[in-house]
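A quick write-up on the structure given underneath.
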């Protein structure tokens, strides 16, 4: 097994990805985009998976919650995994609904022993229902999760230890949380359970200002991967010797494919530099 | 701490501008009125107010973006 590099599969990028499969090792498909697909569309996805290794990425299960995950949602993921022959699936350490209200995106739950236990129970349920454990992704948050008693690295480490699931480490999310809440990014990275990392997300964002004047980095997937995130990837290459799959996510302001391929090359170079530092 | 009730209240604050404004005016009172125990209410009242507003605005933008998409 070797390090692999790929892109998030989006309709806007599909033609460019298919034209450059010689430079793209893997694609990551948003699972919810295909939960209602019929047979023909699923066959097309399976054909894609036959051409390039495919990962499914969930965004709506809400595994990091004290409320049990819905079996019907898990069944949709199980169906999609079976229909597409995807290599693996992932989901976020987030809650996305509460009291019957859909938040519409990924929210950080209070980081407590109770949410660790809730997440572990949900991950066990998801693993049994889907047939394989999800890769678990750390999320970015604009608000320090209220009522927390654990910090992010400890909370994440406890969930991974309790569930045995691998980590999808989003380096831009980690970077944003570090700069937004006063941590040094490399120091925060060092405290994550790096031996559990199997997959890495890279993306970009922009600075926004709150009504009280607070400035925070928003992870919007609409900007280039910043140098600070490549620095983290370099360090990860040094500190995590296992083979990694690195995915760049882009969800808007799509640049030409040549630009994304250059970003992939920069990621390859950063990880390789980290590997070399480890070897030296 | 951390409970379905706390998650439910956070979900409401992230999706309902009026509920968020009421909470910001009286955090502890709003939390107790939502059924949180005194520990959770105190913890939530100490939350980062600017961050709450920024998160709520970001979630609203995400929902608006999704509903405007054809797919």
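Residue numbers (our numbering), protein chains in the order written: chain A, 1 to 280; chain B, 281 to 351.
Where is the CB? At the ideal position from N, CA and C, for every residue including glycine.
Everything numeric in this text was worked out from a predicted model, so none of it was measured.
Q: Keeping to the same chain, check which residues put their C-beta closer than 7 Å to that of residue 46/A; ignore five residues upstream and five downstream.
A: Position 46 of the first chain, counted from the first residue, corresponds to residue 46/A. Result list for residue 46/A: 83, 84 and 85, in chain order.
Q) Taking the alpha-carbon positions, what's the residue 42/A to residue 92/A distance? A) As a first step, residue 42/A must be located in the first chain, where it is residue number 42. As a first step, residue 92/A must be located in the first chain, where it is residue number 92. Roughly 24 Å separates the two Cα atoms.
(Q) If we define contact as Cβ-Cβ less than 8 Å, is residue 290/B a contact residue for chain A? (A) Working through the second chain from its first residue, we reach residue 290/B at position 10. So, interface residue.
Q) Would you call the CB atoms of residue 69/A and residue 126/A closer than 8 Å? A) Against the first chain, residue 69/A aligns to sequence position 69. Against the first chain, residue 126/A aligns to sequence position 126. Against a cut-off of 8 Å, the Cβ pair of residue 126/A and residue 69/A comes out as a contact.
Q: Pick helix, strand or coil for residue 181/A, following the three-state DSSP scheme.
A: Sequence index remark: in the first chain, residue 181/A carries index 181 (1-based). Reduced to three states, the DSSP call for residue 181/A is coil.
Q) Is the beta carbon of residue 229/A sitting closer than 8 Å to the one on residue 175/A? A) Counting from 1 along the first chain, the entry for residue 229/A is found at position 229. Counting from 1 along the first chain, the entry for residue 175/A is found at position 175. Yes; because the gap between Cβ atoms is below 8 Å, this pair is in contact.
Q: For residue 77/A, count neighbouring C-beta atoms within 10 Å of its own C-beta (all shown protein chains included) and say buried if the count is 16 or more, exposed if not.
A: Within the first chain, residue 77/A is the residue found at index 77, counting from 1. The residue in question, residue 77/A, is buried, as its Cβ has 16 or more Cβ neighbours within 10 Å.
Q | For residue 102/A, three-class secondary structure by DSSP | A | As a working mapping, residue 102/A is identified with position 102 in the first chain. Here residue 102/A sits in strand by DSSP.
Q) Any beta-carbon of chain A closer than 8 Å to the one on residue 350/B? A) Locating residue 350/B in the second chain gives position 70, counting from the first residue. For residue 350/B, the predicted model reports a pLDDT of 35, less than 50, meaning its position is unreliable; a value from the coordinates is still stated below. Taking Cβ atoms only, chain A never reaches closer than 8 Å to residue 350/B, which makes this a no.
Q) Listing by chain order, which chain A residues have their CB less than 8 Å from the CB of residue 295/B? A) Along the second chain, one-based indexing puts residue 295/B at 15. Within chain A, the residues near residue 295/B are 101, 102, 103 and 104.
**Q.** Exposure of residue 259/A, with buried meaning 16 or more beta-carbon neighbours within 10 Å
**A.** Here the question's residue 259/A lines up with position 259 in the first chain. Counting Cβ neighbours within 10 Å, residue 259/A comes out exposed, since fewer than 16 surround it.
Q: Can you tell me the Cβ-Cβ gap for residue 59/A and residue 106/A, rounded? I've got them flagged as a contact below 8 Å.
A: To locate residue 59/A, count along the first chain from 1; it is residue 59. To locate residue 106/A, count along the first chain from 1; it is residue 106. With 8 Å as the limit, residue 59/A and residue 106/A qualify as a contact, their Cβ atoms being about 7 Å apart.
Q: Give the straight-line distance between the Cα atoms of residue 16/A and residue 9/A, rounded to the nearest whole angstrom.
A: Position 16 of the first chain, counted from the start, is the residue given in the question as residue 16/A. Position 9 of the first chain, counted from the start, is the residue given in the question as residue 9/A. The straight-line gap from Cα to Cα measures roughly 10 Å.
Q) Quick one: complete alpha helix (DSSP H) runs, 4+ long, within the region 131 to 198 of chain A? A) 152 to 163, 171 to 180 and 185 to 191
Q. Within 8 Å (strictly less), CB to CB, does residue 95/A reach chain B?
A. Walking along the first chain from the start, residue 95/A turns up at place 95. Yes, residue 95/A counts as interfacial toward chain B.
Q) Which residues, in order along the region 197 to 218 of chain A, keep a beta-carbon less than 9 Å from a beta-carbon of chain B? A) 208, 209, 210, 211, 212, 213, 214, 216 and 218
Q.
Counting only beta-carbon separations shorter than 8 Å, does residue 358/A have a partner in chain B?
A. Only positions 1 to 280 of chain A appear in the structure, and residue 358/A is not among them; the question remains open.
Q) So, helix, strand or coil for residue 206/A, using DSSP? A) For the purposes of this step, residue 206/A is taken as residue 206 along the first chain, with counting starting at 1. Of the three classes helix, strand and coil, the one that applies to residue 206/A here is strand, per DSSP.
Q: Measure from the alpha carbon of residue 183/A to the alpha carbon of each residue in 168/A, 151/A and 163/A, then state which is nearest.
A: In the first chain, counting from the first residue as 1, residue 183/A sits at position 183. Distances from the alpha-carbon of residue 183/A to those of 168/A, 151/A and 163/A put 151/A closest.
Q. So, are the CB atoms of residue 200/A and residue 160/A less than 8 Å apart?
A. Here the question's residue 200/A lines up with position 200 in the first chain. Here the question's residue 160/A lines up with position 160 in the first chain. No.
Q. How would you call residue 207/A, buried or exposed, if buried means at least 16 neighbouring beta carbons within 10 angstroms?
A. In the first chain, residue 207/A corresponds to position 207, counting from 1. Exposed: under 16 other Cβ atoms inside 10 Å.
Q: Closer than 6 Å by C-beta to residue 252/A: which residues in its own chain qualify, once you throw out the five before and the five after it? Chain order, please.
A: Looking up residue 252/A in the first chain gives position 252. Closer than 6 Å at Cβ, skipping near neighbours: 222.
Q.
Taking only three categories from DSSP, how would you classify residue 201/A?
A. In the first chain, the residue the question calls residue 201/A occupies position 201. Residue state, collapsed to three classes: strand.
Q: With DSSP collapsed to three states, give me the class of residue 272/A.
A: Position 272 of the first chain holds residue 272/A. Reduced to three states, the DSSP call for residue 272/A is helix.
(Q) Please report the distance separating the alpha-carbon of residue 203/A from that of residue 264/A. (A) Reading the first chain from its first residue, position 203 is the one you call residue 203/A. Reading the first chain from its first residue, position 264 is the one you call residue 264/A. Taking the straight line from one Cα to the other gives about 11 Å.
Q) Along chain A, in chain order, which residues have C-beta atoms closer than 7 Å to that of residue 306/B? A) Along the second chain, one-based indexing puts residue 306/B at 26. For residue 306/B, no chain A residue has a Cβ inside 7 Å of its Cβ, as the nearest lies near 16 Å away.
Q: Check whether the Cβ atoms of residue 103/A and residue 303/B sit closer than 8 Å, and answer yes or no.
A: Numbered from 1 along the first chain, position 103 holds the residue referred to as residue 103/A. Numbered from 1 along the second chain, position 23 holds the residue referred to as residue 303/B. The answer is no: Cβ separation not under 8 Å.
**Q.** Exposed unless 16 or more other CB atoms sit within 10 angstroms - verdict on residue 344/B
**A.** Here residue 344/B corresponds to residue number 64 of the second chain, with the count starting at 1. Classification of residue 344/B: exposed, given that the 10 Å Cβ count is below 16.
Q | Partners in chain B for residue 84/A, counting only beta-carbon separations shorter than 7 Å | A | What you label residue 84/A is simply residue 84 of the first chain in a count that begins at 1. Ordered by position in chain B, no residue passes the 7 Å Cβ test against residue 84/A, which lies about 18 Å from the chain.
**Q.** Proximity below 8 Å, CB of residue 245/A to CB of residue 26/A
**A.** Numbered from 1 along the first chain, position 245 holds the residue referred to as residue 245/A. Numbered from 1 along the first chain, position 26 holds the residue referred to as residue 26/A. Cβ distance < 8 Å, so residue 245/A and residue 26/A count as in contact.
Q. What are the residues that DSSP puts in a beta bridge with residue 89/A?
A. Start at 1 with the first residue of the first chain, and residue 89/A comes out as number 89. Beta-bridge analysis with DSSP links residue 89/A to 56/A.
Q: Could you name the residues of chain A that residue 312/B contacts, counting a contact when the two beta carbons are closer than 9 Å?
A: For this step, residue 312/B is matched to residue 32 along the second chain. Simply none; closest approach about 14 Å.
**Q.** is_contact[residue 332/B, chain A] using C-beta, thresh 8 Å
**A.** As a position in the second chain, residue 332/B is number 52, starting the count at 1. Chain A, which has a Cβ nearer than 8 Å to the Cβ of residue 332/B, makes this yes.
Q) Skipping 5 residues on each side, what residues in its chain have a beta carbon closer than 8 Å to that of residue 164/A? A) The sequence position of residue 164/A within the first chain is 164, counting from 1. 133, listed in sequence order.
Q: Determine the chain A residues that contact residue 301/B at a beta-carbon separation under 8 Å, and present them in chain order.
A: Within the second chain, residue 301/B is the residue found at index 21, counting from 1. Under the 8 Å cutoff, chain A gives no residues; its nearest Cβ is about 11 Å from residue 301/B.
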